[in-house]
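A quick write-up on the structure given underneath.
Chains as they are written, first to last, in this note's numbering: chain A, 10 to 579; chain B, 261 to 562.
So, in structure tokens, the structure goes:
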């Protein structure tokens, strides 16, 4: 009888450990040579450090008979640590047996110890023997985040991120994975989340088990089929706070572990207290073009340094949530950045008055952050509307007429509602000229105010209506400087230079109601008069008709009520 | 261009000649109320004014109801009842007509001089309303109403010291513009006739006749300077010669009047100044009555 010994020795483990616990061999899915090819898919890896030494031996060294080496599909054997030459041969004689080779975790085990390296021997007399070492090819990795994640800071409370790691087989290392926060840059603004920042995560009714009996060493139990662990991970709530999550097989990041991508808290917000409250549209009294007072939107993109958003987009929505305006803003982070919106949509037209909201969206990698909606209202000043007050003195009752000429306020509701911010175009009486000296407040408080009116013949279409109003203001501007009729001419709406030639230049003097009358009708917008003779500027006959029938009171009675601005609410 | 020559001595005449009471101002009563007390001197005037104010109040109230209704409906986005609006408008129209008639009646009753004084007073606080007073008081339509023009001229000259500068300038420019720019021959004829008629009426006060003589000269002379630019000059000059004859004839009635006689002489001197000019328009000199007028003026003026 011949005495012999065959042996496979894996990572210097004792024979008993080899058979019982075996070796936990990590899947070789890193990239030690940084060639962007995962090492277990790469045939030559300079600097490879994940392979485990395997020693194969027999005694006596010339033992006759056949040797069979088997190892299954989860691992690969290589002649050297840098790989290059894979061992694929399974049948050997004692002389051929490789003394040393290196084991690579190639596929993750389905269950623990499901892989073994076995050396079998069959002597010429059919005596058989074998030695084996059990292996569990395992892996821990983060599924999410893998790369830097930008987490929007919420309005209230702490931001959170649901991290997902995976360990296979699920029951490796006693089926426990420990969580730790790692601040990657102590000099950064980052700070560790305070206690209680882990939370069990429930998804579609499944509870991702989290043991927080020791809050300093919380661990998760991997899903029995997939090995996945998930945890709702709360972060500090300051923009710029960042860190990584470590998942490990032992507490405090010890044992085998995986490290997540960086999680950074970022913030994009509209500084509502610094934004304009409303936007006002008005006729510019120099160019006679409708304009909107630039609407100031102030916003922050934080942290103010250390990153650059891929894209910053401002969108303005109408009340039906249609985007009326979208614009790429500067993609630099920072505090108190300002964009002034000119009130025009993407086709260059002023939007229609009404309710709008602004939102800023920031994109970075695969993260998207959006501000809360900032709601505001666009108002249109009804320039060109007429105003009247009672002329009630002694035995006389009549009215005085004027026209809302301009808005001198800004983009706040209190300014909009302040009658002191509206100028009235009027001619106040004998020895006065057409001017815009008084505000609506002064006009209203002078006597009994009879309200705001306009022509019932103005176009309903908003764009035509605006054009008309701009033209009325242009006409009113042309009247500025013209004197009131003489006292003895007060029965005439206007006094032309000779026979009326139909131009404003030809008007020598005019009565108060002549200001609205000419402002409207010089551009063929009817204000007072019958179907045939309403246009005071057309010919002498029409002028004579006005001189006979038109008074401020009759002009008001033929008008329809209106308001100072739209949309109107009390 | 010839402007109005102001008769300063007349301007200082007090309101007492009109029966207007001047009292020390009471600061607690608004100026127009105080003035109303001064100007409406008879119970009948005061009653009529009270009645007028009631008509005015009715009109103001219905206008207030109408404007409140339509304005509020619009602001609250409530439908406007068109029938109701029409009713309001009819009512306003009715009340306005009634008020206007009563206003004219009232002004007619108190007479143009008080109307003019009222306009001067109201002008101090509400110039725009003073124009309407002149209008409803029948003092503004000079083109068709020569009496209104004459009255305005007389009261303007009499009360110029009471007027604000603005009122004064406005009236002065109106008189100047009318006579020197827009007055037609027909209007001139009507105006001269009205003035001659006024002079001839023994009921009219002397001080007003003094102003009227100035008025006659102003109107005739300013119009005369415009004739050369007009068509049918011969006919117009002849008409104006005849006017001078009538003026002389009327004015000569006052030769024995202590107050008016010097003014008559002054007026005739002015005419003589025209007629004795070395260079006169040919059509004027050739008009049939030219020589007659010249002869008469020589006779009257020593």
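Glycine included, each C-beta is placed from N, C-alpha and C at the ideal position. As the structure is a prediction and not an experimental result, all values here were calculated from the model.
Would residue 550(B) pass as an interface residue toward chain C - the criterion being a Cβ-Cβ separation below 8 Å?
Among the chains of the structure shown, chain C does not appear; the protein chains present are A and B.
Flag residue 401(B) as yes if its beta-carbon sits less than 8 Å from any beta-carbon of chain A, otherwise no.
yes
Just verifying my parser: in three-state terms, what is the DSSP assignment at residue 318(B)?
helix
Determine the closest residue to residue 225(A) out of 259(A), 131(A), 233(A) and 234(A), with distance taken between C-alpha atoms.
259(A)
Any idea which residues DSSP pairs residue 558(B) with across the strands?
Its beta-bridge partners do not exist; DSSP assigns none.
Residues that residue 500(A) contacts on chain B, provided the C-beta gap is smaller than 8 Å
395, 400 and 401
Within the 8 Å Cβ cut-off, does residue 374(B) reach chain A?
no
Where residue 70(A) and residue 17(A) are concerned, what is the direct C-alpha to C-alpha distance, given to the nearest angstrom?
14 Å
Are the region 375 to 383 of chain B and the region 408 to 422 of chain B touching, with three or more C-beta to C-beta distances below 8 Å?
yes
Applying the 10 Å Cβ sphere with the 16-neighbour rule, what's the burial state of residue 550(B)?
buried
In chain order, what residues of the region 405 to 417 of chain A put their CB closer than 7 Å to some CB of chain B?
405, 406, 407 and 409
Just the C-alpha distance for residue 272(A) and residue 208(A), rounded to the nearest angstrom, thanks.
17 Å
Beta-carbon proximity of residue 107(A) to residue 144(A), cut-off 8 Å:
no
Under 9 Å between beta-carbons, which chain B residues line up against residue 478(A)? List them in chain order, please.
Residues of chain B passing the Cβ test: none, with the nearest at roughly 18 Å.
Reduced DSSP secondary structure (H/G/I, E/B, other) of residue 506(B)
helix
Beta-carbon spacing of residue 418(A), residue 428(A) below 8 Å:
no
Closest by CA to residue 323(B), which one among 440(A), 465(A), 400(A) and 467(A)?
400(A)
Is it buried or exposed for residue 555(A), if we count other Cβ within 10 angstroms and need 16 for buried?
buried
Span of the alpha helix (DSSP H) around residue 557(A):
549 to 558
Determine which residues of the region 510 to 526 of chain A have a Cβ less than 9 Å from any Cβ of chain B, and write them out in chain order.
520 and 521
Does residue 437(A) come within less than 8 Å of chain B when only Cβ atoms are used?
yes
By a C-beta neighbour count over all protein chains shown, 10 Å radius and 16 as the cutoff for buried, is residue 307(B) buried or exposed?
exposed
Span of the beta strand (DSSP E) around residue 177(A):
169 to 177
When the Cα atoms are used, what is the spatial distance from residue 537(A) to residue 456(B)?
43 Å
Would you identify the three-state DSSP class for residue 495(A), choosing helix, strand or coil?
coil
Over what stretch of residues does the beta strand (DSSP E) that includes residue 503(A) continue unbroken?
503 to 505
For residue 304(A), does the three-state DSSP call read helix, strand or coil?
strand
I need the DSSP call for residue 299(A), collapsed to helix, strand or coil.
strand
Evaluate contact between the region 344 to 355 of chain A and the region 296 to 315 of chain A, counting only Cβ atoms and requiring at least three cross-stretch pairs below 8 Å.
yes
If you draw a straight line from the C-alpha of residue 629(A) to the C-alpha of residue 149(A), how long is it?
In the structure displayed, chain A extends from 10 to 579; residue 629(A) sits before or after that span and is not available.
The alpha helix (DSSP H) with residue 399(A) in it runs from where to where?
From DSSP, residue 399(A) is part of no alpha helix (DSSP H) but of the beta strand (DSSP E) over 395 to 402.
What residue range does the beta strand (DSSP E) around residue 411(A) cover?
405 to 416
Measuring alpha carbon to alpha carbon, tell me which residue in 119(A), 470(A) and 575(A) is nearest residue 387(A).
575(A)
Residue 321(A) and residue 339(A) closer than 8 Å at C-beta:
yes
Alpha carbons only, please: which of 128(A), 249(A), 181(A) and 112(A) is nearest the one belonging to residue 30(A)?
181(A)
Quick one: grab the DSSP three-state call for residue 563(B).
With chain B covering 261 to 562 only, the question about residue 563(B) has no answer from this structure.
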